[in-house]
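Novice: Protein sequence lines correspond, in order, to chains A and B.
Each residue of the first sequence is one higher than the one before, counting from 11 in my numbering.
Each residue of the second sequence is one higher than the one before, counting from 5 in my numbering.
Glycine included, every Cβ here is placed at the ideal spot set by N, Cα and C.
Let me begin by handing over the structure; questions about it come next.
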Amino acid sequence: MIRTGIIGLGKMGISHCAILGAHQDINLVAVCDASSLVLEAFKKHSKYQCFSDYKRMIDSTELDAIVIASPTRFHDEMVSYALEKGLHVFCEKPFSLEYAKGKELAKRAKQLNLVNQVGYHNRFIGTFIEMKRLLKGGVIGPVYHFLAESYGPVVLKESNSTWRSKPAEGGGCLYDYASHTIDLVNFLLGRPVKVSGTQLKMVFSKNVEDAVYATLTLESGISGQLSVNWSDETHRKMNTRITAIGKRGQLIADATELKIYVTAENSTLNLEKGWTIKNITELAGNVNFYLRGEEYSAQIDYFINAIKSKSVENKSSFENACQTDQLISMLQADGAGNY
Amino acid sequence: MDRVIFGDNQFFGINHSSDEKARAQAIKFKTNEAVKAVLDIVVEEGINTFMCTTHDRMIGIGEMIRRDKRYLDFKIYPCMPYAHKYANAVTELGIMGTIKHYLPGNIISTLTKGGLAFVKKDFISMMELMVDAEMKMFREISTPVIFIQNVITDLLLGLGMTDFLVGFHNYIRERYNAEPGYITMNLPLLLDTLEKAGIENPIICASINKAGFRMSGGKANYEKVIAQKRCRLIAMQIFAAGTIPYKEAIEYVCEMDGIESVLFGASSRVNIKNSIETIKTYNRVREERAAIE
Numbered sequence: 011m012i013r014t015g016i017i018g019l020g021k022m023g024i025s026h027c028a029i030l031g032a033h034q035d036i037n038l039v040a041v042c043d044a045s046s047l048v049l050e051a052f053k054k055h056s057k058y059q060c061f062s063d064y065k066r067m068i069d070s071t072e073l074d075a076i077v078i079a080s081p082t083r084f085h086d087e088m089v090s091y092a093l094e095k096g097l098h099v100f101c102e103k104p105f106s107l108e109y110a111k112g113k114e115l116a117k118r119a120k121q122l123n124l125v126n127q128v129g130y131h132n133r134f135i136g137t138f139i140e141m142k143r144l145l146k147g148g149v150i151g152p153v154y155h156f157l158a159e160s161y162g163p164v165v166l167k168e169s170n171s172t173w174r175s176k177p178a179e180g181g182g183c184l185y186d187y188a189s190h191t192i193d194l195v196n197f198l199l200g201r202p203v204k205v206s207g208t209q210l211k212m213v214f215s216k217n218v219e220d221a222v223y224a225t226l227t228l229e230s231g232i233s234g235q236l237s238v239n240w241s242d243e244t245h246r247k248m249n250t251r252i253t254a255i256g257k258r259g260q261l262i263a264d265a266t267e268l269k270i271y272v273t274a275e276n277s278t279l280n281l282e283k284g285w286t287i288k289n290i291t292e293l294a295g296n297v298n299f300y301l302r303g304e305e306y307s308a309q310i311d312y313f314i315n316a317i318k319s320k321s322v323e324n325k326s327s328f329e330n331a332c333q334t335d336q337l338i339s340m341l342q343a344d345g346a347g348n349y
Numbered sequence: 005m006d007r008v009i010f011g012d013n014q015f016f017g018i019n020h021s022s023d024e025k026a027r028a029q030a031i032k033f034k035t036n037e038a039v040k041a042v043l044d045i046v047v048e049e050g051i052n053t054f055m056c057t058t059h060d061r062m063i064g065i066g067e068m069i070r071r072d073k074r075y076l077d078f079k080i081y082p083c084m085p086y087a088h089k090y091a092n093a094v095t096e097l098g099i100m101g102t103i104k105h106y107l108p109g110n111i112i113s114t115l116t117k118g119g120l121a122f123v124k125k126d127f128i129s130m131m132e133l134m135v136d137a138e139m140k141m142f143r144e145i146s147t148p149v150i151f152i153q154n155v156i157t158d159l160l161l162g163l164g165m166t167d168f169l170v171g172f173h174n175y176i177r178e179r180y181n182a183e184p185g186y187i188t189m190n191l192p193l194l195l196d197t198l199e200k201a202g203i204e205n206p207i208i209c210a211s212i213n214k215a216g217f218r219m220s221g222g223k224a225n226y227e228k229v230i231a232q233k234r235c236r237l238i239a240m241q242i243f244a245a246g247t248i249p250y251k252e253a254i255e256y257v258c259e260m261d262g263i264e265s266v267l268f269g270a271s272s273r274v275n276i277k278n279s280i281e282t283i284k285t286y287n288r289v290r291e292e293r294a295a296i297e
């Protein structure tokens, strides 16, 4: 059993907490949150030790691993403290508001031989995993363009009541939504290294962007479009879709289905000419405990397996996450004049 | 519970196999009249139970049902809460802000007086107030079973906060004179947990399908638990979001011993009729076989 603690019991933290609590290989020992309301509920109705000070929790509970789901501005100090105490760390996205600090942490985790993972859960969704496999197999020939989109209904009217509406604390649709989209581009197509034509649009918010539109160029030279909007109520919940356009076909994936179009039959990968549709119902792996999506359990399973097999290389490492953080700062700089 | 129960996902743009289909359905069912027209077909075809989420849209649809004489025997099984409403609110307003925003009017003054201290004193009572707020839209409609949505059931299950599952059970029986039900994606774990808390033979609605989709811990484990008949079971997601051919899908759940009701959703008369006919056919097959044995 891996002795685990969690910092942050907000929307993501509480969901992680349930998954950790139900996991057969995890002994969830302690929880930590700044809200007295939330802590009171845990004190009264759960069996976990409750803390409001994360250092005290780490110092007094002999943990092997920690899940950090606090507001982004606290990630650096919390991750650093946990690493120095020898804990394996799973941190929510985005990783760090200052990518230089994030890079230091990535380096330090490697030096200390500790498992380091960031909660980019799309990397664990069956449709995107299959898309990556097909891209690797070259089914659509050389890719010459991509479109990376995320839309959802988060900010639908004027208000500024939480940290998500404060730029210095990691608020805004770039950190909250676009980080997922950028990370998926990195996972599926390669690392984006250049941005141009960035438009950051305030729809309802006064201090942060609600939408971002930009051109991204990958290390390989391929370019494509990023289009993200968290003030879009035509979507019931967050939808992320990646379209890759190649010389010999197209791949379009979201969390529910993968659409494949190939200009000629591919017998090695068993694809007929034209359209093939694969659904998440056939692509999702079974998990032992389900909450909100297989991917949330799958990423925790992966983290636990990495600890058990002492594998520091990770499918969603601190280093990968830093690349996303760096790109976000490039988008901020490029779009600064375009608010 | 009736053998066949009609579901509501198609009405509210929910489709687990395709976001595009979900959007097409959201467009098709833009108006409450469009939803009501399908419910009329359902009633004409002899289905009298509609299991639906406490979506805001149900306020208007509930109003139409109350006015329609054909719906005298009609029952609704409410499933609460419509979680995206609250999840988006938490992102925007924070937890305390969300509580204030959604609690019924008469409680706002209590909150302002007692504030945080009031909330902290008794979380179970807070849950009861939330249940009341969600139930308002169903007034004067028969609601013999009231469910908690899977996202909340499974969240509480994972957190080990069984107190709320028990609190819900007690409150629904006392206040609404109805049976509490639990929707879950983790049937074996939930059943064990409820039994340990002293809840015998609960009503549970779980994903059960030939493909093993959303049957956490695996299909074999589910089949074992279902055969033990320790709960009153409603099978949902029987088509695995439309990816199993419908005859095969219906055959799988109808043949299985230990399932009391089958939940399905559809948008057209043809599909509704076909599903009902097929369910009836496989029910007959099973009954005849049981009679011979």
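Leaving aside the five residues before and after residue 241/B along the sequence, list all residues of the same chain whose C-beta is less than 8 Å from its C-beta, in chain order.
Specialist: Residue mapping note: residue 241/B aligns to position 237 of the second sequence, counting from 1. For residue 241/B, where only same-chain residues beyond five positions count, the Cβ hits under 8 Å are 20, 211, 212, 213, 217, 218.
Novice: At least one CB of chain A closer than 7 Å to the CB of residue 247/B: is that the case?
Specialist: Within the second sequence, residue 247/B is the residue found at index 243, counting from 1. Yes, its Cβ sits closer than 7 Å to a Cβ of chain A.
Novice: Check whether the region 276-283 of chain B touches the region 13-27 of chain B, taking contact to mean three or more Cβ pairs, one atom from each stretch, closer than 8 Å.
Specialist: Flag = no, the region 276-283 of chain B and the region 13-27 of chain B do not touch.
Novice: Please confirm whether residue 136/B has its beta-carbon closer than 7 Å to some beta-carbon of chain A.
Specialist: On the second sequence, position 132 is the one that residue 136/B refers to. Cβ-Cβ to chain A under 7 Å: no for residue 136/B.
Novice: What are the boundary residues of the alpha helix (DSSP H) that includes residue 131/B?
Specialist: Stepping through the second sequence from its first residue, residue 131/B is reached at position 127. Counting along the chain, the alpha helix (DSSP H) containing residue 131/B begins and ends at 127-139.
Novice: If we count the other Cβ atoms within 10 Å of its Cβ and call it buried at 16 or more, is residue 105/B buried or exposed?
Specialist: Here residue 105/B is taken as the residue at index 101 of the second sequence, counted from 1. Counting Cβ neighbours within 10 Å, residue 105/B comes out exposed, since fewer than 16 surround it.
Novice: Can you tell me which of 40/B, 83/B, 70/B, 256/B puts its alpha carbon nearest to the alpha carbon of residue 151/B?
Specialist: Residue 151/B sits at position 147 when you count from the first residue of the second sequence. Considering only alpha carbons, the answer is 83/B.
Novice: Let me know if residue 177/B comes out buried or exposed under the rule of 16 or more other beta-carbons within 10 Å of its beta-carbon.
Specialist: Within the second sequence, the letter at position 173 stands for residue 177/B. Under this definition residue 177/B is an exposed residue.
Novice: In this structure, what does DSSP give as the bridge partners for residue 258/B?
Specialist: Taking the second sequence and counting its residues from 1, one reaches residue 258/B at position 254. Looking at the DSSP assignment, residue 258/B forms no beta bridge with any residue, so it has no partner.
Novice: State the Cα-Cα distance for the pair residue 200/B and residue 175/B, rounded to the nearest angstrom.
Specialist: Stepping through the second sequence from its first residue, residue 200/B is reached at position 196. Stepping through the second sequence from its first residue, residue 175/B is reached at position 171. Looking at the two C-alpha atoms, the distance is approximately 19 Å.
Novice: Using only alpha-carbon positions, find the residue among 274/A, 72/A, 104/A that is nearest to residue 151/A.
Specialist: As a first step, residue 151/A is located in the first sequence; it is residue number 141 there, counting from the start. Considering only alpha carbons, the answer is 274/A.
Novice: Of all the CB atoms in chain B, is at least one closer than 7 Å to the CB of residue 98/A?
Specialist: The sequence position of residue 98/A within the first sequence is 88, counting from 1. Not an interface residue.
Novice: In chain order, what residues of the same chain have a beta carbon less than 6 Å from the beta carbon of residue 239/A, not counting five sequence neighbours either side?
Specialist: Residue mapping note: residue 239/A aligns to position 229 of the first sequence, counting from 1. Excluding residues within five positions, the ones whose Cβ falls inside 6 Å are 161, 221.
Novice: With 9 Å as the limit, tell me which residues of the region 220-236 of chain A have their beta carbon closer than that to any beta carbon of chain B; keep them in chain order.
Specialist: Hits within the stretch: zero.
Novice: Ends of the alpha helix (DSSP H) at residue 159/A?
Specialist: The residue given as residue 159/A occupies position 149 in the first sequence. Run containing residue 159/A: none in the alpha helix (DSSP H); it sits in the beta strand (DSSP E), 153-161.
Novice: Is residue 202/A helix, strand or coil by DSSP?
Specialist: Counting from 1 along the first sequence, the entry for residue 202/A is found at position 192. If DSSP states are grouped into helix, strand and coil, residue 202/A belongs with the strands.
Novice: Which first and last residues belong to the beta strand (DSSP E) in which residue 254/A is found?
Specialist: Walking along the first sequence from the start, residue 254/A turns up at place 244. Counting along the chain, the beta strand (DSSP E) containing residue 254/A begins and ends at 249-256.
Novice: 7 Å is my cut-off, CB to CB: does residue 198/A come that close to chain B?
Specialist: Locating residue 198/A in the first sequence gives position 188, where the first residue counts as 1. Residue 198/A does not count as touching chain B.
Novice: Are three or more beta carbon pairs between the region 124-134 of chain B and the region 45-59 of chain B nearer than 8 Å?
Specialist: No: fewer than three Cβ pairs fall under 8 Å.
Novice: Is there a Cβ from chain D that is less than 7 Å from the Cβ of residue 41/B?
Specialist: The question asks about chain D, but that chain is absent: this structure's protein chains are A and B.
Novice: Kindly identify the DSSP beta-bridge partner or partners of residue 166/B.
Specialist: Counted from its first residue, the second sequence places residue 166/B at position 162. None; residue 166/B has no bridge partner.
Novice: List the residues of chain A that residue 174/B touches, going by C-beta distances under 9 Å, in chain order.
Specialist: Counted from its first residue, the second sequence places residue 174/B at position 170. What residue 174/B touches in chain A: nothing, since even the nearest Cβ is about 15 Å away.
Novice: Give the secondary structure of residue 117/B by DSSP, where H, G and I count as helix, E and B as strand, and everything else as coil.
Specialist: Working through the second sequence from its first residue, we reach residue 117/B at position 113. Annotation note: pLDDT 48 at residue 117/B (below 50); position unreliable, no value reported.
Novice: Smallest Cα separation from residue 286/A: which of 141/A, 317/A, 237/A, 187/A?
Specialist: For the purposes of this step, residue 286/A is taken as residue 276 along the first sequence, with counting starting at 1. Closest by alpha carbon: 141/A.
Novice: When the cut-off is 7 Å and only beta carbons count, does residue 190/B lie next to chain A?
Specialist: Indexing the second sequence from 1 puts residue 190/B at position 186. It does; some Cβ of chain A falls within 7 Å.
Novice: Are any of the Cβ atoms in chain A nearer than 7 Å to that of residue 117/B?
Specialist: In the second sequence, counting from the first residue as 1, residue 117/B sits at position 113. Unreliable placement is indicated for residue 117/B, whose pLDDT of 48 sits below 50; no coordinate value is reported for it.
Novice: Count the other CB atoms within 10 Å of the CB of residue 297/A; is the residue buried (16 or more) or exposed (fewer)?
Specialist: Position 287 of the first sequence, counted from the first residue, corresponds to residue 297/A. So residue 297/A counts as buried.
Novice: Pull up the CB-CB distance for residue 64/A and residue 38/A, whole angstroms please, since I reckon it's below 8 Å.
Specialist: Working through the first sequence from its first residue, we reach residue 64/A at position 54. Working through the first sequence from its first residue, we reach residue 38/A at position 28. So it is not a contact: roughly 15 Å between Cβ atoms.
Novice: Which stretch, first to last residue, makes up the alpha helix (DSSP H) that contains residue 332/A?
Specialist: The residue given as residue 332/A occupies position 322 in the first sequence. Residue 332/A -> alpha helix (DSSP H) spans 328-345.
Novice: Quick one: Cα of residue 117/B to Cα of residue 118/A, how far?
Specialist: In the second sequence, the residue the question calls residue 117/B occupies position 113. In the first sequence, the residue the question calls residue 118/A occupies position 108. The predicted position of residue 117/B is uncertain, since its pLDDT is 48 and thus under 50; no value can be drawn from it.
Novice: Would you list, in sequence order, the uninterrupted alpha helix (DSSP H) runs of no fewer than 4 residues that lie entirely inside the region 39-85 of chain B?
Specialist: Entirely contained in the region 39-85 of chain B, the alpha helix (DSSP H) runs reaching 4 residues are, in chain order, 61-71.
Novice: If the cut is a Cβ gap below 9 Å, which residues of chain A does residue 161/B touch?
Specialist: Mapped onto the second sequence, residue 161/B falls at position 157. Simply 28, 31, 32, 299, 301.
Novice: Name, in chain order, the residues that DSSP records as bridge partners for residue 98/A.
Specialist: Translated into positions along the first sequence, residue 98/A becomes position 88. 75/A, per the DSSP bridge assignment.
Novice: Is the CB-CB distance between residue 218/A and residue 175/A below 7 Å?
Specialist: The residue given as residue 218/A occupies position 208 in the first sequence. The residue given as residue 175/A occupies position 165 in the first sequence. Closer than 7 Å, so yes.
Novice: Using the C-alpha atoms, what's the distance from residue 205/B back to residue 160/B?
Specialist: Residue 160/B sits at position 156 when you count from the first residue of the second sequence. Residue 205/B sits at position 201 when you count from the first residue of the second sequence. Their Cα atoms are separated by approximately 19 Å.
Novice: Locate the beta strand (DSSP E) running through residue 271/A, then write down its first and last residues.
Specialist: Looking up residue 271/A in the first sequence gives position 261. Unbroken beta strand (DSSP E) run through residue 271/A: 267-272.
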